[in-house]
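Numbering (our numbering), first residue to last: 15 to 501. Here is the structure we will look at.
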């Protein structure tokens with residue numbers, strides 16, 4: 015007993031030491047170079063000239079297909095997202111605008127450098143600012159400064175936008191892209207420059223690798239997860255899965271085959287299906303049937319991609335001839351990063367299992383969502399727990415400096431979960447149904463964020479929301495197998 019107690023104390027002290035060590039390392043991180051990063055804690059930058067940024071509607075006049083694909087995308091909605099606006103409003107009230115600018119630098123980069131975006135809300139913003147990550151954010155991207163950040167990796171918007179230059183006869187607009195410019199490119203409106211950065215994951219990394227504003231602790235590590243994965247080794251980048259149709263995504267993930275030039279789309283489709291759903295409701299309420307159809311198609315693509323991302327193996331384990339455990343192996347089949355990714359202390363992937371005897375009587379269940387949207391304490395979750403400098407649980411990203419628990423599934427990897435079978439003496443064979451379920455946040459977190467939206471965003475008028483709905487859940491995988499109670 016004493017040995018066991020000593021061992022437990024040793025492990026507990028070790029865990030605390032690791033947490034303290036990680037905090038101290040972060041506090042010792044190189045300071046931000048404020049000359050290089052004048053908008054810090056956002057690390058976005060701007061080569062300022064007389065050339066102005068271009069609104070996406072203007073781009074759409076010559077590029078209607080790309081504009082239609084971008085419309086309703088997560089990039090287009092980056093600033094308008096009411097959940098984000100609630101989080102931003104909380105951040106401004108808690109920390110002030112100087113700190114919350116870190117978020118704005120990726121949700122409206124042009125709005126930050128031009129000084130338009132000064133806090134939560136959308137009132138009075140120009141099309142350049144309100145449209146979040148629009149055409150000119152990426153196509154003005156001249157370089158990235160990821161290796162010059164305090165973390166010496168891309169983080170917190172570490173890219174340089176240069177929408178043009180001062181010419182002899184006035185401003186000259188410059189647009190960067192992944193391919194060599196064809197004759198007549200830009201048709202006199204802008205010049206075209208081939209930029210190899212646009213074929214790399216680093217163009218995405220600055221905003222999909224988010225670190226604490228002061229300590230630079232990794233909070234979102236999507237880029238690093240990809241870099242440590244087989245996808246990086248096989249040269250399959252973000253664009254090869256998130257800027258293509260569903261079938262092309264499957265091919266990229268399964269065969270590590272890069273898409274051809276004509277297969278790319280400006281969908282930027284990801285797991286935030288809730289935002290597509292809200293956009294569809296807003297479009298229906300506003301009478302815009304085309305936008306509603308656009309949002310619905312993007313919602314369906316997001317859900318289908320989630321369902322293709324993972325798989326389950328369900329296996330009985332027998333001891334002394336009797337069913338003792340059920341082993342569930344959760345595979346990350348097609349996500350080029352961990353499952354989940356992004357703010358992993360907010361996202362939730364979990365297992366729900368129901369075991370019935372031959373008469374249909376439930377003999378065991380776990381992971382069922384309660385009527386109030388909560389998950390039971392014994393649920394097997396794949397996500398993380400953030401903690402503040404006091405080593406207590408924290409959720410808000412400006413407070414989280416480390417993780418007390420980080421349990422996600424790496425790309426092409428798996429995690430095993432074992433369940434003791436309380437119904438081993440039930441009448442067999444048993445029917446075992448296992449679901450891998452996903453939602454973007456815990457119900458009470460979503461309620462808190464939507465309750466915090468700025469006053470100029472009317473949820474009832476825009477989305478038809480008079481109360482926070484139950485957050486939708488996507489069943490990524492559902493497996494039902496039969497197993498005998500004895501072998």
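Ideal Cβ placement from N, Cα and C applies to all residues, glycine included.
- Annotation: the continuous beta strand (DSSP E) that includes residue 187 extends over 184-191.
- Within a 10 Å sphere around the beta-carbon of residue 240 sit 16 or more other beta-carbons, which makes this residue buried.
- In this structure, DSSP gives residue 95 a state outside helix and strand, which the three-state scheme calls coil.
- Annotated three-state conformation of residue 229 is coil, per DSSP.
- Under DSSP, the beta-bridge partners assigned to residue 175 are 60, 155.
- DSSP assignment within the stretch 64-135 yields the following whole alpha helix (DSSP H) runs of 4 residues or more, N-terminal first: 70-76, 78-84, 96-109, 111-121, 123-127.
- Residue 376 and residue 294 have their C-alpha atoms spaced approximately 38 Å apart.
- The Cβ-Cβ distance between residue 100 and residue 444 does not fall below 8 Å.
- Every unbroken stretch of the beta strand (DSSP E) spanning 3 or more residues and falling wholly within the stretch 425-471 is given here in chain order: 428-434, 444-453.
- Within the DSSP secondary-structure output, residue 407 pairs in a beta bridge with 401.
- Remark: three or more beta-carbon pairs, one from each stretch, lie closer than 8 Å, so the stretch 322-329 and the stretch 444-456 are flagged as touching.
- Taking the Cβ atoms as the reference, residue 233 lies roughly 13 Å from residue 354, outside the contact range of under 8 Å.
- Beta-bridge analysis with DSSP links residue 257 to no other residue.
- 8 Å or more divides the Cβ of residue 170 from the Cβ of residue 89.
- Short of 7 Å from the beta carbon of residue 81, and not among the five residues preceding or following it, lie these beta carbons of its own chain, in chain order: 70, 73, 74.
- Taking a contact as a CB-CB distance under 8 Å, the pair residue 247 and residue 279 does not count as one, their CB atoms being some 25 Å apart.
- With contacts defined by Cβ atoms closer than 8 Å, residue 175 and residue 60 form a contacting pair.
- Annotated three-state conformation of residue 412 is coil, per DSSP.
- Leaving aside the five residues that flank residue 91 on each side, the residues in its chain whose CB is nearer than 7 Å to its CB run, in chain order, 146, 289, 293.
- When only Cα atoms are considered, residue 425 and residue 198 end up about 42 Å apart.
- Around the beta carbon of residue 168, a 10 Å sphere encloses 16 or more other beta carbons of the protein chains shown; the residue is thus reported as buried.
- A distance of 8 Å or more separates the beta carbons of residue 245 and residue 212.
- Residue 276 sits in a helix when the DSSP states are folded into three classes.
- Sequence-distant Cβ neighbours of residue 178 in its own chain, meaning closer than 7 Å and more than five residues away, are 63, 65, 185, 186, 187, 188.
- For residue 322, the three-state secondary structure derived from DSSP is helix.
- Put simply, of 457, 287, 446 the residue whose alpha carbon is nearest the alpha carbon of residue 388 is 457.
- Boundaries of the alpha helix (DSSP H) around residue 240: 236-241.
- Taking C-beta separations shorter than 6 Å and ignoring five residues to either side along the sequence, residue 242 has no partners in its chain.
- Residue pairing by DSSP places residue 332 opposite 337 in a beta bridge.
- Annotated as proximal: residue 67 and residue 142, with beta-carbon spacing under 8 Å.
- Contact between residue 350 and residue 250 is confirmed by a C-beta separation of about 6 Å, below the 8 Å threshold.
- In its chain, beyond the 5 residues on either side, 99, 102, 103, 106, 468 have a beta carbon closer than 7 Å to the beta carbon of residue 134.
- Taking a contact to require three or more Cβ pairs closer than 8 Å, the stretch 384-404 and the stretch 267-287 do not qualify as touching.
- Under a 10 Å Cβ-count criterion, residue 76 is classified as exposed, with fewer than 16 other Cβ atoms of the shown protein chains found around its own Cβ.
- In this structure, the alpha-carbon of residue 465 lies about 19 Å from that of residue 117.
- DSSP places residue 181 within a strand segment (E or B) once states are collapsed to three.
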